[in-house]
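S.K.: The sequence shown lines up with residues -2 to 196 when you count with the numbering used here. Before I ask anything, let me first share the structure, which is written out below as C-alpha cells.
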Amino acid sequence: MHRLREAAAGCHGCPLYQRATQIVFSSGDASARVMLIGEQPGDQEDRRGQPFVGPAGGVLMRAIDEAGIDPTETYVTNAVKHFKFELAPRGKRRIHKPPSLREMTACRPWLAAELRLVEPEVVIALGATAGKALLGSSFRVSKERGVPRPMPALDGSPGEGTLVATIHPSAVLRADDEDRAQMYAGLVSDLKVAARLLD
Ligand code: URA
C-alpha cells in the first residue's frame, strides 16, 4: 500500500492534480473486510490529506457505527482522488464539482489496485459516482441501493466479494430539515445490509 500511495502522489492522469492541494488517497486498515468508496475528497479532505474528515465523514462514521460496522476496521477511499471545485463568485469558498467520466476513468486504475491489495469481502459504494465507477454509467443509486450484488471485476481486480450501494452521506446533509432523519435512516438501513454480510 505504501508504494501505491507514493506512486499515486505523482499522478497526472487528469488535470485535477493542478488545482488540488494534494492527493487524498485513503485511510484505514489495508487488511479490512470492508471497503468504503466515496466520490472525491471535499474541501477539508483536500487540506488535511485524509478522506471523510469533513462534515460528510461525520455522518458516515456515525451511520457505520449505528449499522454495527466497526469504523476502525474499514478501509476508506474515493473513486476520484483529487478535489474538484470552483470558486464561489466574489469569494474564496471552494465549491465541490462532480467529477467527469474522464476523470473517473483516469482514476480507476488506483481504485482497481486498492481492490487487489485489500481484497475486501464487502465493498460499500457511497453515492452515484462510486456506483458508476464500479458498475458503469447506467448505475442509478435510487434503484440499486441496499441490494447486495457480486462485486464486478475492475481493470484487473478479481471481482470477489459483495457490493452494496447506498446514498452518499452528503445527501443527508443537503436534505431539507423534514427529510433529513428519513434519509439518514435509509443510509443506516443500507449499511446494515452490508453489516449482515460480515456475520
Ligand atoms: N465526500 C467524499 O465522497 N469523499 C470524501 O473523502 C469526503 C467527502
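We put the CB at the ideal spot given by N, CA and C, even for glycine.
#1: Would DSSP call G128 helix, strand or coil?
#2: At a threshold of 8 angstroms, does P48 count as lining the ligand URA (C-beta to nearest heavy atom)?
#3: Taking 8 angstroms as the limit between beta carbons, can you name the residues of its chain near G156, skipping five residues before and five after?
#4: Quick check on the burial criterion: 16 or more other C-beta atoms within 10 angstroms. Buried or exposed for E36?
#5: Answer yes or no: the CB of A60 versus the heavy atoms of the ligand URA, is any distance below 8 angstroms?
#6: Starting from F22, follow its DSSP beta bridges and name the residues at the other end.
#7: Is there contact here, the stretch 26 to 46 with the stretch 106 to 122, by at least three beta-carbon pairs under 8 angstroms?
#8: So, are the CB atoms of V115 and A191 less than 9 angstroms apart?
#9: Are the CB atoms of S23 and E111 within a distance shorter than 9 angstroms?
#10: Beta carbon of L194, beta carbon of T159: below 9 angstroms?
#11: Between D43, E83, D40 and T163, which has its C-alpha nearest V60's C-alpha?
#12: Express the C-alpha separation of D176 and T102 in angstroms, rounding to a whole number.
#13: DSSP on I61, reduced to helix/strand/coil?
#14: Would you give the residue range spanned by the beta strand (DSSP E) that Y72 belongs to?
#15: Tell me whether L84 sits in a helix, a strand or coil according to DSSP, three-state version.
#16: Determine which residues share a DSSP beta bridge with A162 and list them.
#17: Based on DSSP bridge pairs, tell me the residues matched to R91.
#18: Figure out for me which residue from R2, D62, P48 and A178 has the closest Cα to the Cα of L188.
#19: Just to confirm my understanding: we take A125, look at its own chain, exclude 5 residues before and 5 after, and list those with CB closer than 6 angstroms. What are they?
#20: Check whether the Cβ of V21 sits closer than 8 angstroms to any heavy atom of the ligand URA, and report yes or no.
#21: Do you know offhand how far S186's Cα is from T74's?
M.R.: Let me lay it out:
#1: As a working note, residue 128 is residue 131 in the sequence shown. Of the three classes helix, strand and coil, the one that applies to G128 here is helix, per DSSP.
#2: Residue 48 sits at position 51 when you count from the first residue of the sequence shown. Yes - the ligand URA has a heavy atom lying nearer than 8 angstroms to the Cβ of P48.
#3: On the sequence shown, residue 156 is found 159 positions in, with the first residue counted as 1. Around G156: P147, M148, P149 and A150.
#4: Here residue 36 is taken as the residue at index 39 of the sequence shown, counted from 1. Buried is the call here.
#5: In the sequence shown, the residue the question calls residue 60 occupies position 63. Every heavy atom of the ligand URA is 8 angstroms or more from the Cβ of A60, so no.
#6: Translated into positions along the sequence shown, residue 22 becomes position 25. For F22, which the question treats as bridged, DSSP gives no partner whatsoever.
#7: yes
#8: Taking the first residue of the sequence shown as position 1, residue 115 is located at position 118. Taking the first residue of the sequence shown as position 1, residue 191 is located at position 194. Cβ distance not < 9 angstroms, so V115 and A191 don't count as in contact.
#9: Numbered from 1 along the sequence shown, position 114 holds the residue referred to as residue 111. Numbered from 1 along the sequence shown, position 26 holds the residue referred to as residue 23. Contact flag set, yes.
#10: Position 197 of the sequence shown holds residue 194. Position 162 of the sequence shown holds residue 159. Their beta carbons are under 9 angstroms apart, which means L194 touches T159 by this criterion.
#11: Reading the sequence shown from its first residue, position 63 is the one you call residue 60. A small fix is needed here, since residue 60 is Ala in this sequence, not Val. The residue from D43, E83, D40 and T163 with its alpha-carbon nearest to that of A60 is T163.
#12: Walking along the sequence shown from the start, residue 102 turns up at place 105. Walking along the sequence shown from the start, residue 176 turns up at place 179. Roughly 33 angstroms separates the two Cα atoms.
#13: Counted from its first residue, the sequence shown places residue 61 at position 64. In this structure, I61 counts as helix in the three-state DSSP scheme.
#14: Counting from one through the sequence shown, the residue named residue 72 turns up at place 75. Looking at the DSSP string, the run of the beta strand (DSSP E) that includes Y72 is T71 to N75.
#15: Here the question's residue 84 lines up with position 87 in the sequence shown. The answer is strand: DSSP assigns L84 an E or B state.
#16: Within the sequence shown, residue 162 is the residue found at index 165, counting from 1. A122 and R142.
#17: The residue labelled residue 91 in the question sits at position 94 within the sequence shown. Answer by DSSP bridge pairing, in chain order: L84.
#18: Taking the sequence shown and counting its residues from 1, one reaches residue 188 at position 191. Of R2, D62, P48 and A178, the residue nearest in Cα terms is D62.
#19: If you number the sequence shown from 1, residue 125 lands on position 128. Once the five neighbours on either side are set aside, the close Cβ partners of A125 are V138.
#20: Residue numbering aside, residue 21 sits at position 24 when the sequence shown is read from its first letter. At a threshold of 8 angstroms, V21 counts as near the ligand URA, since its beta carbon sits closer than that to one of the ligand's heavy atoms.
#21: Numbered from its first residue, the sequence shown carries residue 186 at position 189. Numbered from its first residue, the sequence shown carries residue 74 at position 77. Going by the C-alpha atoms only, they are around 21 angstroms apart.
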